[in-house]
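Be aware that the sequence shown starts at 8, since it is given in our numbering, and climbs by one per residue.
Just so it is clear, CB atoms sit at the ideal spot from N, CA and C, and this is done for glycine as well.
Reviewing the structure listed below.
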Amino acid sequence: MNAELEEMIAAGRMTPAAAEVLDKLQPGSFCFHPSWGAGTVKDWNFAALKMGIDFEGKPGHEMGLKFVLKSVEPIAQDHVIGQFVQDPAKVKELAKDDPVAFMGLVLKSYDGKILPDKVEDLVKGRIVEEKSYKRWWENTKKKLREHREFVVPSRRTEVLELRDSELSEAELLLEDFDLAKDSKTKVRAVSEIVKHLSAFESPAEDLAGLVADSGEVASKSAAFDLRGSLELIDARDSLVAAVEGLELPEGAPTFSGVMKAQLDKLPETLTSLPVSSLRGAIRSLPEAFGEQWVEEFLQILPQLGLRAASEVNAFLVKEGHQADLDVFLRRGIGQRDISVDLLAWVCKNRKGTTEHLFDDDLATAALSVMERDHLDEETGTASRLRDMFMEDKDLIPDFVAAMNAGQIKTFARRLMSVPVFDALSRNSLLARIIKLHPEVQELLAGRDEVKRDEPIIVSWESLERRKNEFEDLVQKQIPENTKEIAIARSYGDLRENFEFKAAKQNQAVLMRRKGEMEREISLARGISYDDADTSKVSIGTSVLVEDANGQQQTYHIVGAWDGDPDKNYLSYLSEMGAAFLNLEVGEETEVALSETSEPTLVKVVSITKLQA
């Protein structure tokens, strides 16, 4: 220890602990201050109890020893900061040309562990330019993941680690699994082991413990992370299949066992699973559901996304249940009680599995379901089928190929009336029909055309509701989403940032909804149902109809935003509402009533004003 420090201890002017710190801050040594950065100790003045330090942000600064002890950290010569103070250009060049070696130096300087935020504080604007730091850090993390001695966290709140370089590749692979803190990271670790089985001398023996641990983690996480649990089971099974002699322990969790205990979460989970795990889960579902598995499959179908629904349908067909699937789909199409994703699947497979379902009724159902989801929901589901209509250039020509002249005109007129498509898109779709059937051109000039500026008739109450929804969207939902995007962006690595992707997808839905609502409100014309004309079926009337069997039913024709088909309140823009509109007592029309999947002829018995 420095002689002057020893004298001050002996004189009672300084504690041994303080002297030990100051002994590391002798002139010529390096230090770090949280506000002023790296520095070099220039001189001591024990008479005045002060120290002179050249900091990055404050050269020639004089500090009292009491404040030095509180805020200045001694830095060794081989520390990354010490090397930076001695030769800044050399350290900057190392960070640029060999970021892996640079991060090795950083981690050795901090006992092998450091938080990403600490790396940013250390490097950003000092060693790497502030504007380039984000890209540098994302590229550096990618390169670090290629070296097993580094443990790169998936979250900013977890530490970056430098592991013992004496560990073998097999030991590092097993440690990756042990260090993983969630199912997703453990799945990645197991997948890496499958790729590098040659690193293990006795794979069956070396990996038996990991197989057992995988099952235990999958069982414990199933209740709160069913997707992660199923993916881990899938990765574990792939490992067992790849290693001769490696077997599942008795009582190990299986796809069917885990899913059977979490049946209520299946639709959401199956929709989110990657294809490899999804197929394994679907193959195991009959065991989970039992004897009634086909009925159970059909029950969850409407709740699945397009990819999951496609895989389930393919499995049903493969297992010999095409007829059951056809009955289910035909009933859903006829009653207009079918999901957008299932309709998209039927359209997508029209040249194969669903060719016999592809007809004029499907075309009309597609428009009705898109309209239903567009008017009644804010989920954005209708957009998937809408996009298919726009992007699949052969879809509408294939639809009209199976129609007669009357059906084609009805379909074209219906296409022009649905609010799902803007005017430009409607005309583009109509042009595909006109190219094959020029006689439809007359609709463009006819009185049946739905012009771009034609108003949407709504009740005053629904107009007020829609304006309130719009205000909430603009003043609350969109600003909150903007904040979510900013927070998610701060997590880094946007390509692997689930929160950012989800927030951006939600932004697209919100902005699309904003544009739609702006247009709808601008076109909306409020009316009072009390003024309805009962000489014919009009908006604000109740119409009693009777079919050929004498069965009667009352329907209420309402504005565009008041529809509730379950209670027989029909928007005048809906397929059935439009069919009744302008009919007089005694006139007939053909509609698909809720009790049947096939269109039937009905006669108007009476027309009265809608009762509030």
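For Asn52, no alpha helix (DSSP H) encloses it; the enclosing beta strand (DSSP E) starts and ends at Gly44 to Asn52. Between Thr548 and Ile614, the C-beta spacing is below 8 Å. Annotation: the continuous beta strand (DSSP E) that includes Gly59 extends over Lys57 to Phe62. Contact between the stretch 251-266 and the stretch 205-218 is present: 3 or more CB-CB pairs across the two stretches fall below 8 Å. The straight-line gap separating the alpha-carbon atoms of Ile403 and Ser205 is approximately 54 Å.
Contact between Leu12 and Leu29 is confirmed by a C-beta separation of about 6 Å, below the 8 Å threshold. Comparing C-alpha distances from Arg439 to each of Glu471, Asn411 and Phe406 shows the shortest one belongs to Phe406. The Cβ neighbour count for Asn52, taken over all protein chains shown within 10 Å, is under 16; the residue is labelled exposed.
In the DSSP annotation of this structure, the continuous segment of the alpha helix (DSSP H) that includes Tyr140 starts and ends at Tyr140 to Arg152.
Leu237 and Leu270 have their alpha carbons spaced roughly 13 Å apart. Pairing Ser221 with Pro293, the inter-Cα distance amounts to about 24 Å. The stretch 166-186 makes contact with the stretch 117-136, as at least three CB pairs between them are under 8 Å. Contact between the stretch 275-295 and the stretch 312-321 is present: three or more C-beta pairs spanning the two stretches fall below 8 Å.
For Ile534, there is no enclosing alpha helix (DSSP H); the residue is found in the beta strand (DSSP E) stretching over Ala531 to Ile534. Between Pro281 and Ala225, the CB-CB gap reaches or exceeds 8 Å. Excluding the 5 residues flanking it on each side, Ala108 has same chain C-beta neighbours closer than 7 Å at Leu101, in chain order. The stretch 463-483 and the stretch 559-571 touch, with three or more beta-carbon pairs separated by less than 8 Å. Between Glu582 and Arg421, the gap from beta carbon to beta carbon is short of 8 Å.
Residue pairing by DSSP puts Tyr576 in a beta bridge opposite His563 and Asp571. Counting C-beta pairs closer than 8 Å gives three or more between the stretch 543-562 and the stretch 570-581, which meets the contact rule. When the beta-carbon positions are compared, Tyr579 and Ile528 stay at least 8 Å from each other. For Glu80, the pairing in a beta bridge is given by DSSP as Phe39.
In the same chain as Phe184, and ignoring 5 residues on each side of it, the C-beta atoms closer than 7 Å to its own belong to Lys193, Ala196, Val197 and Leu217, in chain order. Here the alpha carbons of Ser228 and Met518 stand approximately 36 Å from one another. Looking only at Arg286, Leu114, Ser116 and Asp61, the smallest Cα-Cα distance to Asp50 is reached by Asp61. Apart from sequence neighbours up to five positions away, the residues of its chain that approach Ser284 with a beta-carbon distance below 6 Å are Leu237, Glu238 and Asp241, ordered along the chain.
Under the three-state reduction of DSSP output, Val159 falls in the coil class, being neither helix nor strand. Within the same chain, Cβ atoms closer than 6 Å to the Cβ of Lys148 are found at Val159, the five residues on either side in sequence being excluded.
By the Cβ-count criterion, Ala24 is exposed, with fewer than 16 other Cβ atoms from all chains shown falling within 10 Å of its own Cβ. Between the C-alpha atoms of Gln558 and Gly341 there is a straight-line separation of about 19 Å. Around the CB of Pro426, 16 or more other CB atoms lie within 10 Å, so the residue is classed as buried. Secondary structure in the stretch 156-203: the alpha helix (DSSP H) runs of 4 residues or longer, each lying completely within the stretch, are 176-186 and 190-202 in chain order. By the neighbour-count definition (other C-beta atoms within 10 Å, threshold 16), Pro106 is a buried residue.
DSSP places Met70 in the strand class (E or B) of the three-state scheme. Contact between Ile492 and Lys511 holds: their C-beta atoms lie close to 6 Å from each other, under 8 Å. In the same chain as Asp171, and ignoring 5 residues on each side of it, no C-beta atom comes closer than 7 Å to its own.
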